[in-house]
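So the structure is just underneath, and the comments pick up after that.
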Amino acid sequence: MEPELSLTMTEISSLYRTITSTRDVIELAAELNHPERERPAVVVSTTKSGPMISPEALAQRLGTDVDVYLLGSASIAYDFQDAMPLDTSVYGGAARCYPPGNAWAKSTHKSMVRLAYTPEEGRAAIALLAGDVADMEPFTPRSATTSFSPRRQAPAETVTGTVSVILEPDGVLIKLQDGIARIDTSTLAPGISPDRLFSPEQQVTGTVRDGMLTITQGLHTPADAVDRAVVGSIHPALVLSHKNVLLFPGLKVRHATAEPAGSVIALQVELQGRADGKAWKFTTVEDPEPASITEALPFLAGGEPWIRHEATADLPLPVAAPPVPTEPPVVPAEPDEPAVVEPAGVDPFAALDSVRARLEHLTAENARLSREITDLQLDKVAQTETSPVPMPSFGGAENERLRAQVALLTRQKIDMIEDVSRANEDANSLAAENAALSQQVERLREDVRKERDRAARARQMAKDIDDVAETGPLFADPEQQFRHEIYMEWATRIPAGSKTTTPLADYGFADGFLASVEDLQGVDRSKIIAVAVEVLTGLADSMPGRDMHRLRGGVAGTSTYVEDPQLGTAWRVALQVKTASARRMHFWRGTDGRIVFATVGLHDDMGI
491 MEPELSLTMT
501 EISSLYRTIT
511 STRDVIELAA
521 ELNHPERERP
531 AVVVSTTKSG
541 PMISPEALAQ
551 RLGTDVDVYL
561 LGSASIAYDF
571 QDAMPLDTSV
581 YGGAARCYPP
591 GNAWAKSTHK
601 SMVRLAYTPE
611 EGRAAIALLA
621 GDVADMEPFT
631 PRSATTSFSP
641 RRQAPAETVT
651 GTVSVILEPD
661 GVLIKLQDGI
671 ARIDTSTLAP
681 GISPDRLFSP
691 EQQVTGTVRD
701 GMLTITQGLH
711 TPADAVDRAV
721 VGSIHPALVL
731 SHKNVLLFPG
741 LKVRHATAEP
751 AGSVIALQVE
761 LQGRADGKAW
771 KFTTVEDPEP
781 ASITEALPFL
791 AGGEPWIRHE
801 ATADLPLPVA
811 APPVPTEPPV
821 VPAEPDEPAV
831 VEPAGVDPFA
841 ALDSVRARLE
851 HLTAENARLS
861 REITDLQLDK
871 VAQTETSPVP
881 MPSFGGAENE
891 RLRAQVALLT
901 RQKIDMIEDV
911 SRANEDANSL
921 AAENAALSQQ
931 VERLREDVRK
941 ERDRAARARQ
951 MAKDIDDVAE
961 TGPLFADPEQ
971 QFRHEIYMEW
981 ATRIPAGSKT
991 TTPLADYGFA
1001 DGFLASVEDL
1011 QGVDRSKIIA
1021 VAVEVLTGLA
1031 DSMPGRDMHR
1041 LRGGVAGTST
1051 YVEDPQLGTA
1061 WRVALQVKTA
1071 SARRMHFWRG
1081 TDGRIVFATV
1091 GLHDDMGI
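Be aware that the sequence shown starts at 491, since it is given in the working numbering, and climbs by one per residue.
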């Protein structure tokens, strides 16, 4: 029966689960690839701005019979891609459904990817995913069982042990407090010797199930190695082939080298790439200073660096065997042959033409050498038939040399074809990413256009309001018009949240006030309205520019304040400051707070 998924995950919703760590990714991948998994599953990826396909809405649509997972970040999506079989992962806001069992890994058409770049596309993708789940075939167990309820294993406990024995090529024995467990390095770092990953007596923490230990703490990831590989730094790299090297387990990058597989070379980073091995550019550093090399990360925190670069001078020199004297064969003069050039790194965008030209040259060279071998063989037969005397021929070492050269050129041709194919794949991948980014840029441009249109409409509306205000009075009665203008000034000037705490006081007009407003020159009517609102709301009391004070009846300092038994105290407020004959407004303020506007005039007009 299927094992229970023991993930340590943040459950944002009871309807789906969020994957937040590398350990979660490893166990989720193991669960999805389990041959006896009985429940369908859907994995949703996210973008920098969040998931385009809502996992909660998807889980509500699919119900409780389908497991829904959300990859919590873009880096988690890279880890998920490393842990899953080729072309079965999901990233960039897309989602993929996984039928029960693991047959989908060999038939990817059973596990469809649904893309979404906008929330609208995300809602459409939910309907497509629901249809994919509905079309899944039911799970058929490999063997019948007599139990009506499946027995699930208890969650594994976290244990700590030490490395006891390293078993080549893919095993490590861990000594625990109550026994021994084994680590299978073929799943952690395929093709890497366990001696590079672990060291004796190293401490390891993880969970044990069926004698196998799964590491849960301290594992470094390719993303950690990417963060260290800054531009200009020098790093050791393990040679996998003449065109691939390994910066860290799981981080394979393309770089041409003549060094044999298994050797360690020093590379200087010219262009920092991604955790999936793409977009990197390096330069090989011959005999670098040891202090200039950035030490490689340990595979497990607290351990030794997983590889080290050794200087060429420190390596033992091979002892050459003494040459065996042989008679040099008589070789007829031949035209100079073009030198065999070892393949260099191929730029998928700038060197396709040169690669094609090189392939044509190699094809022609291959045909020429084949014809030359045939001619030599015919010459040998002719010499044997016509002359009994032994004659020097080319059927031995020379023939083998030519065959070896043909094989070398054929291998170079195959490598070139593979390079062109890989370059085309990289170009297609980058073109797809460019198309996605172009769509995103277009959407952002559309948003900017919408905002500009909205701002233009707002400006036009404001202009229309101003035009209406400038067309003339809206009321025939001057007092009603003045009150209307005061209200409009208060409504537009005072924020909505402050209107309840800053209301207009009760007010009126003395005889002659409105006439003085019409007669006063040198100040706009809008300024008089604005100061009147400041007086009615109490703002003028604390504004230094208004110079508001009680009005005296004569020379300042010698006369008394002007008061009225019915209207209250007379006040004076500035309409202008630092201006010749600055205009002033006089008004009455009663004991009940009521304001009566009396007159507007010049600075020296003291009447009210």
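Think of the CB as a built atom: it goes at the ideal place given N, C-alpha and C, for glycine as much as any other residue. Quick caveat: nothing in here was measured; it's all calculated off a predicted structure.
Query raised in the report: What residue ranges within the region 670-730 form continuous beta strand (DSSP E) runs of no fewer than 3 residues, ordered along the chain?
Result: Counting whole runs of 3 or more residues, the region 670-730 contains the beta strand (DSSP E) stretches 693-699, 702-705.
**Report entry** Residue environment, residue 567, which counts as buried when at least 16 other CB atoms sit within 10 Å
**Finding:** Classification for residue 567: buried.
Query raised in the report: Taking the alpha-carbon positions, what's the residue 506 to residue 554 distance?
Result: Residue 506 and residue 554 have their alpha carbons spaced roughly 10 Å apart.
Query - residue 944 versus residue 964: straight-line alpha-carbon distance, rounded - result: Residue 944 and residue 964: Cα-Cα distance of roughly 29 Å.
Requested in this report: For residue 570, name the three-state secondary structure that DSSP assigns.
Outcome: In the three-state DSSP reduction, residue 570 falls in the helix class (H, G or I).
Query raised in the report: Are residue 562 and residue 536 touching if we call contact CB-CB under 8 Å?
Result: The answer is yes: Cβ separation under 8 Å.
Requested in this report: Give a yes or no on whether the C-beta atoms belonging to residue 601 and residue 613 are separated by under 8 Å.
Outcome: No, the pair does not count as a contact, with Cβ atoms beyond the cut-off.
Query raised in the report: Start and end of the alpha helix (DSSP H) containing residue 557?
Result: Per DSSP, residue 557 belongs to no alpha helix (DSSP H); it is in the beta strand (DSSP E), 557-561.
**Report entry** Contacts around residue 696, its chain only, beta-carbon distance under 6 Å, and the 5 residues preceding and following it disregarded
**Finding:** Closer than 6 Å at the Cβ level, and outside the excluded window around residue 696, lie 703, 704, 705, 706.
Query raised in the report: Between 665, 738, 1066, which lies nearest to residue 1020 when the distance is taken from Cα to Cα?
Result: The residue with the shortest Cα to Cα distance from residue 1020 is 1066.
Requested in this report: Let me know the alpha helix (DSSP H) ranges lying completely inside the region 1008-1054, each 4 residues or longer, listed in chain order.
Outcome: Along the length of the region 1008-1054, whole alpha helix (DSSP H) runs at least 4 residues long occupy 1015-1027, reported in chain order.
Query - 7 Å CB neighbourhood of residue 749 in its chain, flanking five on each side removed - result: Listed in chain order, the non-local C-beta contacts of residue 749 below 7 Å within the same chain comprise 729, 755, local neighbours out to five positions each way being set aside.
Query raised in the report: How about the region 573-580 and the region 591-598: do they share at least three Cβ pairs that are nearer than 8 Å?
Result: Enough Cβ pairs lie closer than 8 Å, so yes.
Query raised in the report: Using the C-alpha atoms, what's the distance from residue 1085 back to residue 976?
Result: Each residue's Cα considered, the two are about 13 Å apart.
Requested in this report: Kindly indicate which three-state DSSP category residue 603 falls into: helix, strand or coil?
Outcome: Strand.
Report task. Could you check what DSSP says for residue 953 in three-state terms: helix, strand or coil? Result -> Assigned with DSSP and collapsed to three states, residue 953 falls in helix.
**Report entry** Helix, strand or coil at residue 893 [DSSP, three-state]
**Finding:** Residue state, collapsed to three classes: helix.
**Report entry** Beta-bridge partners of residue 734, as assigned by DSSP
**Finding:** The partner list for residue 734 (beta bridge, DSSP) reads 731, 744.
**Report entry** Contacts around residue 523, its chain only, beta-carbon distance under 6 Å, and the 5 residues preceding and following it disregarded
**Finding:** Within the same chain, residue 523 has close Cβ partners 592.
**Report entry** Nearest to residue 852 (by Cα), restricted to the options 889, 895, 565, 864
**Finding:** With distances taken between Cα atoms, residue 852 lies closest to 895.
Requested in this report: Please determine if the region 619-629 and the region 663-682 are in contact, where contact requires at least 3 C-beta pairs separated by less than 8 Å.
Outcome: By the criterion of at least three beta-carbon pairs nearer than 8 Å, the region 619-629 is not in contact with the region 663-682.
**Report entry** Buried or exposed by the 16-neighbour rule on C-beta atoms within 10 Å, applied to residue 854
**Finding:** Per the 10 Å Cβ criterion, exposed.
Query raised in the report: In the structure shown, what three-state DSSP assignment does residue 823 receive?
Result: Caution applies to residue 823, whose pLDDT of 44 falls short of 50 and renders its modelled position unreliable; the model cannot decide the point.
Report task. Just grab the DSSP bridge partners of residue 774 for me. Result -> In the DSSP output, where bridge partners are listed per residue, residue 774 has 757.
Query raised in the report: Whose C-alpha, out of 690, 666, 1008, is nearest the C-alpha of residue 647?
Result: When each option's Cα is compared against that of residue 647, the closest is 666.
Query raised in the report: Taking the DSSP output, what are the residues bridged to residue 1076?
Result: The partner list for residue 1076 (beta bridge, DSSP) reads 1062, 1089.
**Report entry** the region 786-799 in contact with the region 759-767 per 3-pair CB rule at 8 Å
**Finding:** Look at the beta carbons and you see the region 786-799 not touching the region 759-767: under three pairs across the two are nearer than 8 Å.
Query raised in the report: Going by the beta-carbon positions, is the gap between residue 992 and residue 1027 smaller than 8 Å?
Result: It is a contact, given that the beta carbons lie within the stated cut-off.
Query raised in the report: Which runs of the beta strand (DSSP E), 3 residues or longer, sit entirely within the region 920-995?
Result: Taking only runs of at least 3 residues, no beta strand (DSSP E) segment lies wholly in the region 920-995.
Query raised in the report: Who pairs with residue 585 in a beta bridge, going by DSSP?
Result: When DSSP reads this structure, residue 585 sits in a beta bridge with 534, 604.
Query raised in the report: From residue 1043 to residue 1098, what distance separates their C-alpha atoms?
Result: In this structure, the CA atom of residue 1043 is about 9 Å from the CA atom of residue 1098.
Query - Rounded C-alpha distance that separates residue 717 from residue 856 - result: Residue 717 and residue 856 have their C-alpha atoms spaced approximately 46 Å apart.
Requested in this report: Could you tell me whether any non-hydrogen atom of the ligand PLP is closer than 7 Å to the CB of residue 931?
Outcome: The ligand content of the structure shown is nil, which means the ligand PLP is not present either.
Query raised in the report: Distance, Cα to Cα, residue 698 vs residue 784?
Result: So the two alpha carbons sit approximately 35 Å from each other.
Query - Inter-residue Cα distance where the pair is residue 1001 and residue 1052 - result: Their Cα atoms are separated by approximately 18 Å.
Requested in this report: Can you give me the Cβ contacts of residue 658 inside the same chain, cut-off strictly under 8 Å, excluding the 5 residues immediately before and after it?
Outcome: In the same chain as residue 658, and ignoring 5 residues on each side of it, the C-beta atoms closer than 8 Å to its own belong to 683, 684, 685, in chain order.
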